[in-house]
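Enquirer:
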Amino acid sequence: MLEGLLIGLQTALSMQNLLMVIGGCLIGTFIGMLPGLGPMSIIAIMIPVAISMGDPSAALILLAGVYYGAIFGGSTSSILLNAPGVAGTVASSFDGYPMAKQGKAGKALTIAAVASFAGGTIGALLLMVFAPALSSVALLFHSAEYFALMVVGLSAIAAFAGTGQVAKAMLMTTLGLIMATVGEGALFNLPRFTMGIMDLQSGFGFITLAMAMFALPEALFLVLSPKTTQQGDGEAIKDLRITGTEARAIAPVIGRQSVQGFFIGVLPGAGATIASFLGYAVERNIAPKHEQEEFGKGSIKGLAAPETANNAACTGSFVPLLTLGIPGSGTTAILLGALIALNVTPGPRLMIDQPEVFWAVIMSMFIGNLVLLVLNLPLIPYIAKVLSVPRTYLIPFILFFTLMGAYIGQNNATELLLLVGFGVCATALRFADYPLAPLLIGFILGGMLEDNFSRSMQLFDGPSFIWERPITLGLLVLAVLLVVLPSYRARRARLRMRGVADGD
Amino acid sequence: MALDRWIALVLLSICLAYGYTAWFTMDSGLAPFMKRNPIWPSTFPKVLSVLGVIASCIILFGLEKSAEKTAEIDYRRLGDYHLGQALLLLALMVVYALCLRPVGFLLSTTGFLFLGGAILGERKWYILMPVAVCAALVVWYLVQQVLGIYMRPLPGFWGA
Chain L
1 MLEGLLIGLQ TALSMQNLLM VIGGCLIGTF IGMLPGLGPM SIIAIMIPVA ISMGDPSAAL
61 ILLAGVYYGA IFGGSTSSIL LNAPGVAGTV ASSFDGYPMA KQGKAGKALT IAAVASFAGG
121 TIGALLLMVF APALSSVALL FHSAEYFALM VVGLSAIAAF AGTGQVAKAM LMTTLGLIMA
181 TVGEGALFNL PRFTMGIMDL QSGFGFITLA MAMFALPEAL FLVLSPKTTQ QGDGEAIKDL
241 RITGTEARAI APVIGRQSVQ GFFIGVLPGA GATIASFLGY AVERNIAPKH EQEEFGKGSI
301 KGLAAPETAN NAACTGSFVP LLTLGIPGSG TTAILLGALI ALNVTPGPRL MIDQPEVFWA
361 VIMSMFIGNL VLLVLNLPLI PYIAKVLSVP RTYLIPFILF FTLMGAYIGQ NNATELLLLV
421 GFGVCATALR FADYPLAPLL IGFILGGMLE DNFSRSMQLF DGPSFIWERP ITLGLLVLAV
481 LLVVLPSYRA RRARLRMRGV ADGD
Chain F
505 MALDRWIALV LLSICLAYGY TAWFTMDSGL APFMKRNPIW PSTFPKVLSV LGVIASCIIL
565 FGLEKSAEKT AEIDYRRLGD YHLGQALLLL ALMVVYALCL RPVGFLLSTT GFLFLGGAIL
625 GERKWYILMP VAVCAALVVW YLVQQVLGIY MRPLPGFWGA
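Line by line, the protein sequences are chains L and F. Just so we're aligned, residue 1 is where the first sequence starts under the working numbering, counting upward by one. Just so we're aligned, residue 505 is where the second sequence starts under the working numbering, counting upward by one.
(1) Can you look up P191 of chain L in the DSSP assignment and give me helix, strand or coil?
(2) Between L:A118, L:A148, L:G73 and L:M53, which lies nearest to T472 of chain L when the distance is taken from Cα to Cα?
(3) Using the three-state DSSP reduction, which class does G271 of chain L fall into: helix, strand or coil?
(4) In angstroms, rounded to a whole number, what distance separates the CA positions of G4 of chain L and G446 of chain L?
(5) So with CB distances below 7 Å, who are the chain L contacts of V666 of chain F?
(6) If you reduce the DSSP assignment to three classes, tell me which class G54 of chain L lands in.
(7) Does DSSP classify E3 of chain L as helix, strand or coil?
(8) Run the CB neighbour count on C25 of chain L, radius 10 Å, all protein chains shown included, and call it buried at 16 or more, exposed below.
(9) Do the CB positions of F204 of chain L and M179 of chain L come within less than 8 Å of each other?
(10) Please report whether the beta-carbon of Y448 of chain F lies at a distance below 8 Å from any beta-carbon of chain L.
(11) Across the region 311–324 of chain L and the region 92–104 of chain L, are there enough close Cβ pairs to call them in contact, namely three or more that are closer than 8 Å?
(12) For L619 of chain F, I'd like the list of residues in its chain whose CB is within less than 7 Å of its CB, leaving aside the five on either flank, ordered along the chain.
(13) Closer than 6 Å by C-beta to I583 of chain L: which residues in its own chain qualify, once you throw out the five before and the five after it? Chain order, please.
(14) Can you name the residues of chain F whose CB is closer than 8 Å to the CB of E450 of chain L?
(15) Using 10 angstroms around the beta-carbon of M505 of chain L, count the other beta-carbons present and answer buried if the total reaches 16, otherwise exposed.
(16) I need the DSSP call for E294 of chain L, collapsed to helix, strand or coil.
(17) Taking Cβ-Cβ distances shorter than 8 Å, what residues in chain F pair up with I45 of chain L?
(18) Can you tell me which of the three DSSP states S487 of chain L falls into?
(19) For K168 of chain L, decide whether its Cβ has a neighbour in chain F, counting only Cβ atoms nearer than 8 Å.
(20) Ordered along the chain, which non-local residues of its own chain (more than five positions away) have a Cβ less than 7 Å from that of D531 of chain F?
(21) On a CA-only basis, which of L:G185, L:F214, L:D199 and L:L190 is nearest A333 of chain L? Give me that one, please.
(22) In three-state DSSP terms, what is G106 of chain L?
(23) Using a cut-off of 7 Å between C-beta atoms, extract the partners of D461 of chain L located in chain F.
(24) By how many angstroms is the C-alpha of S276 of chain L removed from the C-alpha of F265 of chain L?
(25) Are the C-beta atoms of M404 of chain L and some chain F residue less than 8 Å apart?
(26) Tell me which residues share the same chain as L475 of chain L and place their Cβ nearer than 8 Å to its Cβ, disregarding the 5 neighbours each side in the sequence.
(27) List, in chain order, every chain F residue whose beta-carbon is nearer than 9 Å to that of D424 of chain L.
(28) Beta-carbon within less than 8 Å of L377 of chain L's beta-carbon, same chain only, minus the 5 sequence neighbours each way: which residues are those?
(29) Between S560 of chain F and A526 of chain F, which are expected to be in contact by the criterion C-beta below 8 Å, what is the C-beta distance as a whole number of angstroms?
(30) Using the Cα positions of G120 of chain L and T315 of chain L, report the straight-line distance between them to the nearest angstrom.
(31) Hey, would you say S258 of chain L sits closer than 8 Å to G65 of chain L, going by beta carbons?
(32) Assuming S116 of chain L contacts L372 of chain L under a Cβ cut-off of 8 Å, what Cβ separation, rounded to an integer in Å, is found between them?
(33) Are the C-beta atoms of F616 of chain F and some chain L residue less than 8 Å apart?
(34) Is DSSP giving G368 of chain L helix, strand or coil here?
(35) How about I250 of chain L and K301 of chain L: are their beta carbons less than 8 Å apart?
(36) Considering only residues of the same chain and omitting the five flanking positions on each side of F460 of chain L, which have a CB-CB separation below 8 Å?
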């Protein structure tokens with residue numbers, strides 16, 4: 001492990017990669033602050049840049065930096081404008097915005113930065129401990145277990161989608177899987193579902209799809225409803241200092257939420273949003289009575305809790321990606337797509353085959369968090385000026401970068417038409433409250449899922465691997481339970497509300 | 505019928521068409537030796553089509569009750585929003601996609617950024633124009649020179 005650490009440190013501290021971290025964090029903060037642009041859109045826009053660099057460590061370091069920066073930038077706009085750019089920072093606006101209204105915006109931003117730093121750093125430490133352990137277990141897995149594990153991941157995403165949303169999330173996942181079967185698969189050398197169209201021979205472009213699912217609908221929403229784009233009043237942010245008493249008050253909160261957030265982040269489908277809301281709720285419940293009343297009116301604990309938890313969860317979501325090659329969230333799914341394009345296969349072999357990639361990413365997490373604290377915090381008053389860019393300039397540029405991202409990747413103008421078409425469909429899906437992340441995760445996992453499924457079918461000459469391998473069976477039963485249980489519990493709760501007696 | 509159920513109906517028909525291909529037409533071209541394989545190219549799509557049909561039926565028939573909540577934008581009042589601007593921008597994106605090759609990157613990008621701003625209501629042409637031109641030049645330089653991806657800068661008949 002020590003050897004790995006040193007390799008990672010050596011890679012991460014090279015001049016080029018340091019610039020990548022710093023650049024990534026700055027770009028992420030800059031764009032993440034714009035309301036309506038989440039980390040997924042930003043990473044999707046940055047992917048062509050990362051891929052054309054050719055060096056997988058540098059690319060992943062850049063994208064990870066963008067990811068942290070975006071989360072940090074998102075909390076800045078929640079605090080200053082009450083307009084979270086990212087779902088994971090909605091909980092930060094509960095107490096951050098009241099603090100800003102009381103004229104303590106500088107203090108709120110510092111607390112957010114310190115909490116993010118601590119959450120990210122402790123999360124990265126936990127990642128260093130857990131990822132190697134998990135990948136040594138994962139090396140024992142066969143294709144049958146991989147198949148089952150991916151099914152569990154996909155159903156967990158559906159299960160965590162929320163009440164009344166399970167079927168929608170399931171449908172979106174299936175649609176993603178269906179889209180992944182279009183084109184020529186590696187296993188059969190046979191074009192499938194191309195309808196004779198040559199452009200579909202190689203399947204749908206993943207960057208195009210990612211842009212169409214996230215960046216374009218968000219931009220269209222900004223156009224449709226200008227109310228969501230509030231303008232910053234350009235007021236100076238001062239007094240970034242926090243006192244010793246305040247630091248002592250938030251320290252235990254940060255400690256608890258780093259660990260809790262990390263483990264929530266590891267779960268597929270949970271991620272930063274759930275971690276931040278849960279962190280907020282837990283801290284409010286265990287706070288002393290007089291402090292509980294402060295929550296929602298500008299409590300520093302109420303700000304520190306979600307900020308720590310969402311950053312720790314972001315780090316936690318790297319665990320399944322790096323050790324199993326299974327992304328648990330939309331963002332890590334996009335990262336996985338970028339890695340595959342760079343000829344790196346994340347999974348248990350990553351640590352052995354390409355230790356420099358694995359450890360460099362972990363090391364760059366520490367550096368990235370440090371950059372956010374040391375470099376971005378003092379610059380925040382200046383970066384926040386971006387909030388006063390008028391939307392007449394902002395929106396054409398967002399659309400232009402979306403188009404460029406899809407074009408650079410494929411160098412094909414047809415891809416742009418596909419982008420617009422899918423973007424319109426995705427916007428309609430968002431109107432009807434369909435979750436879009438499961439579609440992209442299904443699309444990215446689809447190829448791997450089918451490969452592993454086919455391999456086990458061939459090894460066992462039929463579907464008997466399902467009941468012959470106990471781990472596979474156990475995982476598949478878990479997957480079914482994950483999907484069925486929430487709807488069953490919701491039904492029981494509804495029956496009880498109506499006063500109908502339970503069966504048991 | 506609510507929008508989400510209309511969409512479920514559309515997706516159901518997609519799944520049915522997909523399933524029809526997978527179950528009935530796809531295997532006809534399969535080589536005889538492939539038929540001895542436990543797995544066919546159509547096996548996985550068959551499973552998917554069944555899953556998709558089940559999920560879309562659950563939504564279509566409203567079997568899963570969900571709490572009524574207002575989305576960010578209420579599609580029932582779409583007319584109240586800036587729908588015209590959004591549609592114009594989408595049309596502009598399509599035009600941009602069609603123009604990029606024949607007209608060249610610099611001209612089409614400048615036009616896109618300029619018209620995009622104009623559609624959204626910007627009337628200070630003396631700021632909008634230089635911003636659009638500079639942005640097009642900078643991005644072209646970055647993509648062509650730094651990333652090394654070729655993009656034709658000017659229309660073909662100008663010899664570029």
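Beta carbons are placed, not taken as given, at the ideal position from N, Cα and C, and that holds for glycine.
Expert: Looking at the coordinates:
(1) strand
(2) L:A148
(3) helix
(4) Approximately 32 Å between the Cα atoms of the pair.
(5) Residue 666 of chain F lies beyond the residue range present for chain F, which begins at 505 and ends at 664; the question has no answer from this structure.
(6) Of the three classes helix, strand and coil, the one that applies to G54 of chain L here is coil, per DSSP.
(7) helix
(8) buried
(9) yes
(10) No statement about residue 448 of chain F is possible, as the shown extent of chain F runs from 505 to 664 and does not include it.
(11) Taking a cut-off of 8 Å for Cβ pairs, the region 311–324 of chain L and the region 92–104 of chain L do not touch, as fewer than three such pairs fall below it.
(12) L596
(13) This structure cannot speak to residue 583 of chain L, because chain L is shown only from 1 to 504.
(14) F548
(15) Examination of residue 505 of chain L is not possible in this model, given that chain L is present from 1 through 504 alone.
(16) coil
(17) Listed by position along chain F, the residues whose Cβ is nearer than 8 Å to that of I45 of chain L form an empty set, because the closest Cβ is around 12 Å away.
(18) helix
(19) yes
(20) W544 and S546
(21) Out of L:G185, L:F214, L:D199 and L:L190, L:F214 has the C-alpha closest to the C-alpha of A333 of chain L.
(22) helix
(23) P542
(24) For the sequence presented, residue 265 of chain L should be read as Gly rather than Phe. In a straight line, the C-alpha of G265 of chain L is about 10 Å away from that of S276 of chain L.
(25) yes
(26) E145, A148, L149, V151 and V152
(27) The residue you asked about is not Asp; residue 424 of chain L is Val in the sequence shown. The contacting residues are L594.
(28) If we look at L377 of chain L and ignore the five residues flanking it on each side, its Cβ neighbours are L109, T110, A113 and L240.
(29) Rounded, the Cβ-Cβ distance is 16 Å, inconsistent with contact.
(30) 6 Å
(31) Judged by beta-carbon spacing, G65 of chain L lies beyond the 8 Å limit of S258 of chain L, meaning their Cβ atoms are not closer than that value.
(32) In this structure S116 of chain L is in contact with L372 of chain L, their Cβ atoms being roughly 7 Å apart against a cut-off of 8 Å.
(33) yes
(34) helix
(35) Yes, the Cβ-Cβ distance between I250 of chain L and K301 of chain L is below 8 Å.
(36) A144 and E468
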